[in-house]
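Trainee: Please read through the structure below; I'll follow up with questions.
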Amino acid sequence: MLTTLDTISSELILENPYWQYKHDRYVMPNGKEGSYFYVNTHGSVFIIPVTDDGTFVLTKQYRYLNQRVSIEFPGGGIKDGITPEEQARLELQEETGYTCSSLRHIGVMNPMNGVTNELCYVYIATGLTYVGAKPEESEEFLQVEYSRKEITSAIQSNEIWDGMTLAAWAMALHHLEK
Numbered sequence: 045m046l047t048t049l050d051t052i053s054s055e056l057i058l059e060n061p062y063w064q065y066k067h068d069r070y071v072m073p074n075g076k077e078g079s080y081f082y083v084n085t086h087g088s089v090f091i092i093p094v095t096d097d098g099t100f101v102l103t104k105q106y107r108y109l110n111q112r113v114s115i116e117f118p119g120g121g122i123k124d125g126i127t128p129e130e131q132a133r134l135e136l137q138e139e140t141g142y143t144c145s146s147l148r149h150i151g152v153m154n155p156m157n158g159v160t161n162e163l164c165y166v167y168i169a170t171g172l173t174y175v176g177a178k179p180e181e182s183e184e185f186l187q188v189e190y191s192r193k194e195i196t197s198a199i200q201s202n203e204i205w206d207g208m209t210l211a212a213w214a215m216a217l218h219h220l221e222k
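Next up, the structure:
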């Protein structure tokens with residue numbers, strides 16, 4: 045039987061506008077103490093925009109940590125005081141220039157549960173209307189549209205390699221069949 049761990053203390057090591065880096069001390073059922081370092085966030089959203097003709101809107105952006113271009117569904121961190129749905133609508137317009145008339149929540153995932161407590165809320169957006177992108181000053185996006193077949197091909201060729209995009213796509217496939 046798997047058991048839970050009881051937190052003894054929690055220390056904030058570093059904080060920035062996007063997340064906190066924390067160090068927790070815990071006690072195991074056998075009385076031994078342990079240490080855990082992790083990223084604490086307000087959560088995130090990921091949106092799968094579907095056009096009226098059935099193509100999917102993704103973004104191309106340069107990812108500094110991997111020094112390479114990444115093709116991804118739009119998404120981002122949830123700002124304090126904003127609901128996941130509100131943030132999803134903001135991210136959709138910010139990154140793609142689209143608003144949507146329908147935003148359907150399809151599930152929640154943790155992008156890396158050994159490193160962060162982040163919960164990512166995944167949505168499918170339909171009824172898209174282009175109104176113009178509003179990227180943050182530090183962001184640059186190119187929008188691309190792919191068919192389902194093109195997404196599959198881009199995943200197989202490792203052109204789409206972002207883990208959250210891969211997970212969101214896997215979550216969405218069942219819902220897109222309906």
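With positions in the sequence shown counted from 1, the corresponding number in the numbering used here is that position plus 44.
Beta carbons: idealized from backbone N, C-alpha and C, even for Gly.
As the structure is a computational prediction, the values presented were derived from the model and not from experiment.
1. Any contact of the segment 176-195 with the segment 124-131, i.e. 3+ C-beta pairs under 8 Å?
2. Pull the bridge partners of P93 from the DSSP assignment, please.
3. How many angstroms separate the CA atom of E180 from the CA atom of T47?
4. For E18, which residues does DSSP report across the bridge?
5. Take P155 and list the residues in its own chain whose beta-carbon comes closer than 8 Å to its own, dropping the five residues that flank it on each side.
6. By DSSP's criteria, D50 is part of a beta bridge. Which residues make up the other side?
7. Please go through the same chain and pick out, in chain order, the residues whose beta-carbon is closer than 7 Å to the beta-carbon of I168, but skip the five residues on each side of it.
8. Reducing DSSP to helix, strand and coil, say where S201 ends up.
9. First and last residue of the alpha helix (DSSP H) that includes E129?
10. State the start and end residues of the unbroken alpha helix (DSSP H) segment that holds T209.
11. For G141, I'd like the list of residues in its chain whose CB is within less than 6 Å of its CB, leaving aside the five on either flank, ordered along the chain.
12. Just to confirm the assignment, what range does the beta strand (DSSP E) spanning Q105 have?
13. Is E77 near K66, with beta carbons less than 8 Å apart?
14. Pick helix, strand or coil for T196, following the three-state DSSP scheme.
15. Counting contacts by CB-CB distance shorter than 8 Å, is I204 in contact with chain B?
16. In whole angstroms, what separates the C-alpha of Y70 from that of A214?
17. Taking 6 Å as the limit between beta carbons, can you name the residues of its chain near S53, skipping five residues before and five after?
18. Which class does N161 belong to by DSSP, given the choice of helix, strand or coil?
Mentor: In terms of the structure at hand:
1. no
2. Counting from one through the sequence shown, the residue named residue 93 turns up at place 49. DSSP output for P93 lists A169 as bridge partner(s).
3. Locating residue 180 in the sequence shown gives position 136, where the first residue counts as 1. Locating residue 47 in the sequence shown gives position 3, where the first residue counts as 1. Cα to Cα, E180 sits roughly 43 Å from T47.
4. Shown here, the chain extends from 45 to 222; a query on residue 18 therefore has no answer.
5. As a first step, residue 155 must be located in the sequence shown, where it is residue number 111. Taken in chain order, the residues that qualify are S88, E162, C164, G207, M208, A211.
6. Position 6 of the sequence shown, counted from the first residue, corresponds to residue 50. Answer is V71, bridged to D50.
7. For the purposes of this step, residue 168 is taken as residue 124 along the sequence shown, with counting starting at 1. Taken in chain order, the residues that qualify are I92, V94, R148, I150, A216, H219.
8. Counting from 1 along the sequence shown, the entry for residue 201 is found at position 157. Coil, per DSSP.
9. Here residue 129 refers to the residue found at position 85 of the sequence shown. Taken as a continuous stretch (DSSP letters only), the alpha helix (DSSP H) holding E129 covers 128-140.
10. On the sequence shown, residue 209 is found 165 positions in, with the first residue counted as 1. Per DSSP, T209 belongs to the alpha helix (DSSP H) from 207-220.
11. Within the sequence shown, the letter at position 97 stands for residue 141. Excluding residues within five positions, the ones whose Cβ falls inside 6 Å are Y174, G176, A177.
12. Within the sequence shown, numbered from 1, the residue matching residue 105 stands at position 61. Looking at the DSSP string, the run of the beta strand (DSSP E) that includes Q105 is 100-107.
13. Taking the first residue of the sequence shown as 1, we reach residue 77 at position 33. Taking the first residue of the sequence shown as 1, we reach residue 66 at position 22. It is not a contact, given that the beta carbons lie outside the stated cut-off.
14. Residue mapping note: residue 196 aligns to position 152 of the sequence shown, counting from 1. Here T196 sits in helix by DSSP.
15. No chain B is present in this structure, which holds just one protein chain.
16. To locate residue 70, count along the sequence shown from 1; it is residue 26. To locate residue 214, count along the sequence shown from 1; it is residue 170. Taking the straight line from one Cα to the other gives about 34 Å.
17. As a position in the sequence shown, residue 53 is number 9, starting the count at 1. Cβ neighbours of S53 beyond the five flanking positions: R69.
18. The residue labelled residue 161 in the question sits at position 117 within the sequence shown. If DSSP states are grouped into helix, strand and coil, N161 belongs with coil.
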